[in-house]
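Notes follow once the structure below has been shown.
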Amino acid sequence: MLEKNLKKLRIGTRAILAAGDFNYQNIRSHIVPLFQTVNFDYADVEEGLAVFNRERPGYIYTRYSNPTTDLFGKTVAALEEAESYAVAASGMGAISAIMLSLLKPGDHIISSKQIYGGTYTFFQEHLQALGIDISFVDITNDDEIGDAMQPKTRVLYTEVLGNPNLIIADISGLAKLARAKEIIFVVDNTFTPPPILSPLKLGADIVVHSATKYLGGHGDLMGGIALGREELISKVRHTLEYYGGALSPFNAWLALRGIKTLAIRLERQCHNAKIIAEFLQDHDHVKKVHYPGLPGHPHHEVAKRQLNGFGAMISFELKGGLEAGKKLMDAVRVCRFTVSLGEIDTLIIHPASTSHAALKPEERLAIGISDGLVRLSVGIEDMEDLLEDLRQALQQAG
Ligand SMILES: Cc1ncc(COP(=O)(O)O)c(C=O)c1O
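Residue numbering for the sequence shown follows this note's numbering, beginning at -16 and increasing consecutively.
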């Protein structure tokens, strides 16, 4: 019989065993089955009524819940040590459902200003349109957070590592502050999943992931999840049900497959990232490297105390600016020129010539994106191949 007490297992083992064994009419599927179905049948009225009345376990309709998406939720809940979960079609699906379930017109939230652009836009355009006020702050500055606090503040929101300079939010400190003010602390843990960090254990109220990134890990699915106490998460589930943000069973199945290698992927990714960051730091064509694992990073001490590994995201600035950035992108042969992050391969992007090309240089600088800034999401390739690729590409970039 499989170990049921998941807490006594380490994260790597938990990720493999959390979905449990599956016995359906004496068919013991070794791998979680894919319930690619919209609805569920009932043998008779008595059974149907009991399921509808929640008197008996069972399923009704996949927009509400589904066995495969539930097993994905259960697995991530085991990793984050969460009481409850709400699964969503994407990270944005989870983030929007959290906010829509916690907030009402007239409320106010404080958010780190260094968050994923999609989240920023959702807060600024969509929440404001609903009459919810936002203050964007430097999340590493307690005074700024204190000044932004209002009697109507309901939520404090941050990512653990903030783009583009990979600032680190002090999760335990922020959790204390939020608790003292009786506001809900929401942490996007997409960049630093367990075993790197478990924000609920440090006092966060809700953790959210874009499962599209490290949890899935292979760039082949979209998914999201919110985790925390049932009292809060049941509201998120309810919102998702009626805004239609259900996770597809197939994507959940892919995510369950990906999660099994999460710990080992992260170990290799963090290892590769540290070596690459050190290599870049010593390179003549590189002006600055932003990586929390480097002693010169402004939040290195917080990172050391809080994280188990420094993550696998690096950004660096080229001395040659915009032109050097473009040449680097044309020159890479192993690193893949694309958006997103957290995949098994190393992904590289130069915001000034892609995602942020429409902005003026001074507008980019205002959000920390210099013309020569390049972002790397480090993968699991052989280290030497990555170093050789970056060496030759940097040489060509000048
Ligand atoms: C930190 C972070 N949170 C949330 C999201 C949104 O996730 P998704 O694209 O799955 O909606 C992203 C996407 O890049 C992200 O980087």
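Heads up, the beta-carbon is just placed ideally off N, CA and C, and yes, glycines get one too.
Pair within 8 Å by beta-carbon distance, residue i and residue j
| i | j | result |
| --- | --- | --- |
| Ala1 | Leu(-11) | yes |
| Phe293 | Val357 | no |
| Thr58 | Pro232 | no |
| Ser193 | Gly207 | yes |
| Thr333 | Lys302 | Note that residue 333 is His in the sequence shown, not Thr. Not in contact: His333 and Lys302 (Cβ atoms no closer than 8 Å). |
| Ala65 | Ala246 | no |
| Ile179 | Leu249 | yes |
| Ile154 | Leu198 | no |
| Ile115 | Pro134 | no |
| Ala335 | Ala295 | no |
| Tyr274 | Leu139 | no |
| Glu213 | Ser67 | yes |
| Thr175 | Val143 | yes |
| Gly381 | His266 | no |
| Leu83 | Tyr226 | yes |
| Ile331 | Met312 | yes |
| Val285 | Ala69 | no |
| Ile352 | Pro147 | yes |
| Gly41 | Phe18 | no |
| Arg37 | Glu224 | no |
| Gln107 | Ile98 | no |
| Asp126 | Leu160 | no |
| Ile258 | Met132 | no |
Cut-off 6 Å between Cβ atoms - residues of its own chain near residue i, not counting five sequence neighbours on either side
| i | result |
| --- | --- |
| Lys96 | Phe119 |
| Ile122 | Ser95, Thr141 and Ala152 |
| Val190 | Glu63, Val170, Asn172, Pro182, Leu183 and Leu210 |
| Leu277 | Ala260 |
| Lys(-13) | none |
| Asn291 | Pro178 and Ile179 |
| Val272 | Ala260, Leu263, Gln264 and Phe299 |
| Ile14 | none |
| His339 | Arg347 and Ile352 |
| Glu371 | none |
Same chain, Cβ closer than 7 Å to residue i, neighbours up to 5 away in sequence not counted
| i | result |
| --- | --- |
| Ala158 | Phe168, Leu185, Gly186 and Ala187 |
| Asn234 | Leu204, Met205 and Gly206 |
| Phe105 | Met75, Ile78 and Ser79 |
| Glu364 | Val317, Asp328 and Thr329 |
| Gly228 | Ala71, Ala72, Gly76 and Ala80 |
| Ser12 | Phe5 |
| Thr222 | Ala80, Leu83 and Ser84 |
| Cys253 | Gly292, Phe293, Gly294 and Ala295 |
Contact belief for residue i with residue j at Cβ below 8 Å, rounded distance in angstroms
| i | j | result |
| --- | --- | --- |
| Gly355 | Lys270 | 7 Å |
| Ala238 | Phe55 | 5 Å |
| Tyr25 | Val34 | 7 Å |
| Leu359 | Thr321 | That pair is no contact at about 12 Å. |
| Leu230 | Ala80 | Incorrect: roughly 11 Å between the Cβ atoms, too far for contact. |
| Gln375 | Ala314 | 7 Å |
| Leu373 | Phe262 | 7 Å |
beta-carbon residue i near ligand 3 non-hydrogen atom, thresh 7 Å
| i | result |
| --- | --- |
| Tyr103 | What this structure holds is ligand 1, not ligand 3. |
Sheet register partners of residue i (DSSP bridge)
| i | result |
| --- | --- |
| His273 | Ser298 |
| Ile10 | Tyr7 |
| Gly211 | Ser67 and Ile189 |
| Val91 | The sequence shown places His at residue 91, not Val. His91 is bridged to Asp116 and Thr136. |
| Glu142 | Asp171 |
| Phe320 | Ile331 |
| Val357 | Phe299 |
| Tyr44 | Asn22 |
| Ile150 | Gly145 |
CB contact check: residue i to chain C, cutoff 8 Å
| i | result |
| --- | --- |
| Thr52 | Annotation note: the requested chain C is absent from the structure, which comprises a single protein chain. |
8 Å Cβ shell around residue i - same chain, five flanking residues per side excluded
| i | result |
| --- | --- |
| Pro16 | Phe5, Tyr7, Pro50 and Thr51 |
| Glu326 | Lys196, Gly200, His201, Gly202, Ser360 and Gly362 |
| Arg137 | Leu85, Leu86, Asp90, His91, Ile92, Ile166 and Ile167 |
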